[in-house]
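Worksheet: one structure, shown below.
Protein chains: 2
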Amino acid sequence: MSIVFREAGERDLPGVVALLADDVLGQGREVAEIAPYRDAFARMAEDPNNVLIVGEADGAVVACYQLTIIPGVSLSATTRAQIEGVRVASGMRGQGAGRALVVDAEERARAAGATLLQLTMNRSRKDSHRFYEANGFVPSHIGFKKPL
Amino acid sequence: MSIVFREAGERDLPGVVALLADDVLGQGREVAEIAPYRDAFARMAEDPNNVLIVGEADGAVVACYQLTIIPGVSLSATTRAQIEGVRVASGMRGQGAGRALVVDAEERARAAGATLLQLTMNRSRKDSHRFYEANGFVPSHIGFKKPL
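As given, the protein sequences belong to chains H and D, one line each in that order. The opening residue of the first sequence carries number 139 in our numbering; numbering runs sequentially from there. The opening residue of the second sequence carries number 139 in our numbering; numbering runs sequentially from there.
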């Protein structure tokens, strides 16, 4: 099945929230009401460097990710592109959807002038670690988080 | 010595670039000419969610970091704040400058509505790992990078 990736619209949010919750870690940390997601999406829409992308197949949202373009001075003034919140519908896994998602992110990142693509992943997602390493990512860093 | 943190101006760039290069990893990856850094700083200035902060003491730039505010839908629509490119002048280390920098970042992150502060760090920076853990950060993630 072929997946088309495009920028999300507000109409896609229910599908995106369902994907976020359909995840071993997401089950415990997504909320039932849609309002917080609509507010966050509106904030993202104000920032041209921050987009929510959905993958659509047969009219349904089957994948999503967030891409943030981060110009900066470090690393010889590298512009970074960062992926967050990657999800592929459970019924679509193992069919190349993840690979297509990474290719889409790389194309968008390059088009925005980024020369480094980065993401962090919870240590417990062992299958995903192998997937990203197989797709050219190097697990060179430790990701630190602090709730505020 | 007391450090005042503020948003960087273009006049601060030579001091920032000197700090970036004054680092065990930075020595090999920063460039001599200033033009790429000026271009990156101009790109950052167009993005209100992406600021370069400098720490000043006695009129000199002695610390810097980049703070990016990333609204998003995942994690119940959490707004993240991300730190990149942290540097403290070698002569200022071990005197609380790093701690003051983290406090400044947390204040700016909270003021922007962020509820999660995050950063990645090269695995080889063992002393920095201990520093961030001592300051409430949890090394829960693996950071993957892919040059484009």
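Glycine included, C-beta positions come from ideal geometry on N, C-alpha and C.
| said: Residues in the same chain with beta-carbon distance under 8 Å from F179 of chain D, minus the five sequence neighbours each way, listed in chain order, please. | reply: A146, E148, L151, L190
Note to self: Please return the same chain residues whose Cβ sits closer than 8 Å to the Cβ of M182 of chain D, not counting the five positions on each side in sequence.
What the structure shows: N188, V189, L190, Q204
Length of the line joining the Cα atoms of V240 of chain D and G229 of chain D: 18 Å
Can you tell me whether A247 of chain D is buried or exposed, with buried defined as 16 or more other CB within 10 angstroms of its CB? buried
If I141 of chain H sits next to V155 of chain H, beta carbons under 8 Å apart, how far is it from one beta carbon to the other, in whole angstroms?
-> At roughly 19 Å, the Cβ-Cβ gap does not stay under 8 Å, so I141 of chain H and V155 of chain H are not in contact.
At 4 residues or longer, and completely inside the segment 165-229 of chain H: list those alpha helix (DSSP H) runs for me, N to C. 173-183, 212-215
So the beta strand (DSSP E) G281 of chain D belongs to, where does it begin and stop?
276-285
What is the DSSP secondary structure of L158 of chain H, reduced to helix, strand or coil?
-> helix
Q) Can you give the Cα-Cα distance for G236 of chain H and F269 of chain H, rounded to whole angstroms? A) 8 Å
Self-check item: Partners in chain D for K283 of chain H, counting only beta-carbon separations shorter than 7 Å
Solution: L254, Q256, F275, V276, S278, H279
Discussion item. What are the residues in the segment 161-183 of chain D lying within 7 Å of chain H by C-beta distance?
Written reply: R167, E168, V169, P174, Y175, D177, A178, F179, R181, M182
| said: Taking the alpha-carbon of P277 of chain D as reference, which of H:V276, H:G274, H:R261 has the nearest alpha-carbon? | reply: H:R261
inquiry  = Less than 8 Å between CB atoms is the rule here; does P209 of chain D satisfy it with respect to chain H?
reply    = yes
Under DSSP, the alpha helix (DSSP H) around R268 of chain D begins and ends at which residues? 264-272
field: Spatial neighbours of Y175 of chain H in its chain, beta-carbon cut-off 7 Å, leaving aside the 5 residues before and after
entry: L151, V155
Going by beta-carbon coordinates alone, are T217 of chain H and A252 of chain H separated by less than 8 Å? yes
Query - Close Cβ partners of E194 of chain D (< 6 Å) along its chain, the five nearest in sequence each way excluded - result: V142
Identify whether R246 of chain D lies in helix, strand or coil by the three-state DSSP scheme.
helix
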